[in-house]
Amino acid sequence: MENINAKYVSQKISKTRWCPVSYSSLQQPEVFATGSWDNEDNKVSIWSIGNHNNSGLEDGFEGDPQILCEHKHGGDVLDLQFLDQERMVSASSTGAVTIFRYHPNTHTISVLQHWARAHSYPCDNAPCTALVCSSPEIVTVGEDGRIVVFRADQEGAVRVIGEMRTRMLPPHKESSLKLSVVFVRECRQQHNSRGDLPKDHGALKFDLFIIFLYRAPLHCVDRHPNQQHIVATGGQDGMLCVWDVRQGGTPISLMEAHSAEMWEVRFHPTNPDHLFTCSEDGSLLHWETASHSEMPSFLQGGRNSSVISHGALTPAGGNRPLSSAWLCGDSGKGCLETTHMLPSQTMSVNSLDIIGQCLVCGTDGEAIFVNRHVPV
Amino acid sequence: AIHLQEPEGKHMGFAWGQGNIFVYETLFKATGSGSPFIHEVRKDEDIYSPILRKLFNESHHIFVGLQTIREDLPSKNKKPQFVSISKNYRSVIRACMEELHISLNPTVSILLAIELIWNLCEVLFIDAAPAGSLLLHLLDWVRLHKADVDEKARDVLQSDSPAEHRDYWDVVVSYVLQGRLDEARQMLGKKATLTPAANNIFKMMDNLLSKMPFYNPGGTQTLTEFDVKWRHWHEEVDRCLQDNSFASNQHLEVLCKILLGDEDTLLEHKDLLGTWYHFLVSRLLFCHPTVKPTELHYYAQVNYSTKTLSAPEPLDSILLAAFEFDIHQVIKDCSIALNNWWFVAHLTDLLDHCKLLQSHNLHFGSNLREFLLLEYASGLFTHHSLWQLAVDYFDHCLEFGRVYLELQIERVPLDTERKALKVLRICEQRQMSEQVRSICKIMAMRALRNNRLGSALSWSIRAKDAAFATLISERFLQDYCAKGTFSDLDLIDNLGPAMLLSDRLTFLGKYREFHKLYGEKRFKEAAKLLLSLMTAKIAPRSFWMTLLTDALPLLEQKEVIFSADQTYELMFCLEELTSSLNTPSSDSDKSMQEEDVELTKVELLRLALSRNLAMAIVKEGTVET
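Sequences listed follow chains W and B, in order. Heads up, the first sequence stops at 376 in UniProt numbering, and the numbers go up one at a time, no gaps. Heads up, the second sequence stops at 625 in UniProt numbering, and the numbers go up one at a time, no gaps.
And the structure:
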């Protein structure tokens, strides 16, 4: 915990995301974006924790995040994802979806695209609650119960799914993974559904069905980066569940993680034996499981893509049927270690992101914490 | 200030808001046109400053930490903790000051004053230094708040010939006035090398300066021993003055007089001292270094009256009150002088933890600490974002905090579901069931308005609001009757124990189960369920027709599904239904067509039921051979 520094930023942070780094350069990430919420004027900001050779700052020790630029944002930032190294997409509580471009040379942010009413009710705004991107497609989901697909270069929506099927429930979040664009979608009701969408000649086909149901509303979900059938979820009761999608039904393991809602769960993108969760109760937990496989982790799964970030597609080459320690179930409890990563009595931690050894998270106490030496 | 256009003949009306007032121009007579503008007058602009927000957030963190210090430790172990907490608060103030300084914000001066007062309170009240160390702490206090000495010294040292700089002697005198004798000696050394002729007297001064005793609190020397030593030194300096040893150098003679604590000399240098409290501390340093805390106020009063030229500022009276150890007066004056409760609330809370405030009950029953914290937190609640901090403050006000929180939390605007979830979590953790219910009702109504029945239902389940759940279930059923299908099926399918919240909800759940069973072709179970819905009176009477109509396909099956007994029961239900329908109540507005349809349905049912009955009797009567 000595390596974690708090930076007070005068805005409640709802999302923090590392800007994706080029894998070939083996760099640690240096730039991250944050979105704020519950302000009269919300903002999307870009921060840097690198060394500033040109700005000559003497105050603030190394690693103290410095703001590079910011841009105002209408409505709360409910989700934020990077499309690529320069563009990021935000989902707003007004139902708008916006693509921002960050210009690293001039340190400015400009708006590339703005879909103002991606989600709406007939007489009201419907918040756009989550989005996922696999460049150039952006898939968003909102409280009005629709899934909308956008393309980064096109004006209108490519596809709207939602009202056609009466079984559609107000979904709240989804993440798209792998080539077959798979949705894992859950809503604030006891629901979790997943659809397989084979990418067919550029057209996306959708077929959604329920895999498993959980008794409390779910807020976050993440998929194992290498083994696509492993999914971790967290929700209102603060329990961390690990599911095997192939089996469905009941979760493989159910762990009491937090005493309040869990807001985000993340597998480490390159070292998936590590999992991170953050919650309303102000704690950020680092879960570590001992892997049964003897193969070193960098040989598990293929990683031919040149960009590593959480929303990116990775090619289907690495789909080996390795047994993962996450599927141990109750017997695996002995090989699971948990550590708190933040000082006690912080306010709700709304968001976290991890790449390499760098962890960034944002809280309702208007603070950002950055840890550059996470032991993974 | 708000300026009305054409103020003559106009009146001003106002309405209270939460933490603000809406003011508008009007005419109390009915005729005439008014200005279309409404002005909002906010009483506290500070909380909207982005830099001060950091102050509020960081100090909240420290506050919460302070409240959770274990009560069972003896107070002498807790004192260093309290001092370090006080230092934490001060460093937060300083951090803000630095940022404000960069942006040239006038609030800097207020923060400076606040930090000055807090520092003094820490020295006098929290640290409660005894005689001997008291003066050392006061010296530190003065040094910390007089930064221009270092700037001047830097200028002098960086010049080509420091000893010839015009500020040189000012710097030396300032050092001595602050008790920084080593640095003074270093400076003097530069002059000494320049004027070798006067080497003797410089050496003598250096000697005097080096021998001035300073009390060492951690050492073995007692206060009395120190006093004796100091008096010896003082006499030696006096002898030097009487001998006119420094007569050749006017500056050194001045220094000598200062070392003796000569009041007139000190007054001559009031520009260098700047403030009366610097004057006070310097005089104590050179006249009475073993000053006791209880004697402080006497010296403060005397020195204050000799020093002031201008009218007393609020800061001066606050500091004086501090020197007199009148904590309540300090707090009172600060409350009046500052426009934000932050300072007094946090300081009073800390002093209360140090058990320094007598329980001073105010008129409405709570004590001073609680009153100030409540005021501060209520101010926070008016902010669109900082309300979350206020919750913790209310939690630690034992008497009225909960009531305040209950009233305020309902008024937080619930723009998004996520915010509502956070507010709900706050209420649920504190068992505020009334507020939970009202918040859930707001969210459920909003969902209903947007025709999101599933969401509305789940909100009412969370609130355990049976009446609302009934209402929403009715809507579901109406939708079903209108459209023929259910929305939000997955929710209804998995209600679990929540189904028992209201009768209508139970019916909805069971009815959906019937549909599922039917879909899975488990007809016998479906039939049983359907019947039980009517006989157990779970289904509302208005829905029986629909249920019976649903039974039709089951009756029409080739295979006998309803047993004879069950068929009898169905017939009984049908009769009950038709007899109630035939009563001439308010059915006169039903059109002829509707009545026809109803009659046809009843006919069909009767036919199907009798046929089923026949087949069932036959089937049950048959003996397998």
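Glycine included, each C-beta is placed from N, C-alpha and C at the ideal position.
Those residues of the stretch 380-399 of chain B placed with their C-beta closer than 7 angstroms to a C-beta in chain W are HIS384, SER385 and GLN388, ordered along the chain.
For the 8 angstroms CB-CB criterion, W/VAL44 and W/GLY35 form a contact. Looking at B/LEU380, B/PHE343, B/ILE331 and B/GLN250, the one whose alpha-carbon comes closest to that of B/LEU356 is B/ILE331.
In summary, the residues of the stretch 414-435 of chain B whose CB is separated from some CB of chain W by less than 9 angstroms are ASP415, THR416, GLU417, ARG418, LYS419, LEU421, LYS422, ARG425 and GLN429, in the order they occur in the chain. Under DSSP, W/GLY142 forms a beta bridge with W/CYS128. Interface residue (Cβ-Cβ distance to chain W less than 8 angstroms): B/ASN450 is classified as such. For the stretch 360-373 of chain W, the set of positions with a beta-carbon nearer than 8 angstroms to some beta-carbon of chain B reads ASP364, GLY365, GLU366 and ALA367 in chain order. DSSP places W/ILE230 in the uninterrupted beta strand (DSSP E) bounded by 230-235.
Distance check between B/ASP167 and each of B/VAL156, B/HIS137 and B/PHE514 places B/VAL156 closest, using alpha-carbon atoms only.
Contiguous alpha helix (DSSP H) elements confined to the stretch 471-503 of chain B occur at 489-493, taking only those with 4 or more residues. For the C-beta of W/LYS72, not a single chain B residue is nearer than 7 angstroms; the gap to the nearest is close to 14 angstroms. Segment contact: the stretch 420-433 of chain B against the stretch 101-110 of chain W, fewer than three CB-CB distances shorter than 8 angstroms; contact not assigned.
Scanning chain W for C-beta atoms nearer than 8 angstroms to the C-beta of B/GLY65 yields GLN345, reported in chain order.
Leaving aside the five residues that flank W/VAL374 on each side, the residues in its chain whose CB is nearer than 6 angstroms to its CB run, in chain order, GLN357 and LEU359. The straight-line gap separating the alpha-carbon atoms of W/SER90 and W/LEU68 is approximately 18 angstroms. Scanning B/VAL142, B/ARG180 and B/LEU508 for the CA closest to the CA of B/ASN494 turns up B/LEU508.
Residues of the stretch 101-121 of chain B whose Cβ lies closer than 8 angstroms to any Cβ of chain W: none. In the DSSP secondary-structure assignment, W/ASP79 is bridged to W/ALA91. In the DSSP assignment, W/CYS69 falls within the beta strand (DSSP E) that extends over 66-73.
DSSP places W/TYR8 inside the beta strand (DSSP E), whose first and last residues are 4-8.
At a cut-off of 8 angstroms between C-beta atoms, W/TYR121 counts as an interface residue with respect to chain B. In this structure, B/TYR393 lies near B/LEU373, with their beta-carbon atoms less than 8 angstroms apart. According to DSSP, B/LEU266 shares a beta bridge with no other residue. For B/ALA390, the CB contacts under 6 angstroms within the same chain, skipping 5 residues up- and downstream, are ALA377, LEU380 and PHE381 in chain order. Contacts with chain W (Cβ-Cβ distance below 8 angstroms) from the stretch 47-61 of chain B involve PRO50, ILE51, ARG53, LYS54, ASN57, GLU58, HIS60 and HIS61, listed in chain order. Here W/LEU352 is not near W/CYS241, since their CB atoms are 8 angstroms or more apart.
A Cβ-Cβ separation of about 17 angstroms leaves W/THR338 out of contact with W/TRP263 under the 8 angstroms criterion. If you check the CB distance, B/ARG504 and B/SER473 come in under 8 angstroms.
The C-beta of W/HIS103 has fewer than 16 other C-beta atoms within 10 Å across all chains shown, which makes the residue exposed.
By the 16-neighbour rule on beta-carbons within 10 angstroms, B/THR68 is exposed. Within the stretch 241-273 of chain W, those residues whose Cβ lies closer than 8 angstroms to any Cβ of chain B are, in chain order, ALA260 and GLU261. Secondary structure of W/ASP84 (DSSP, three-state): coil. Under the three-state reduction of DSSP, B/THR578 is assigned to helix. In this model, W/ASN105 and W/GLU86 are separated by some 11 angstroms (Cα to Cα). In the DSSP assignment, the residues bridged to W/LYS12 are W/TRP37. Annotation: W/GLY362 is outside any alpha helix (DSSP H); the continuous beta strand (DSSP E) that includes it extends over 358-363.
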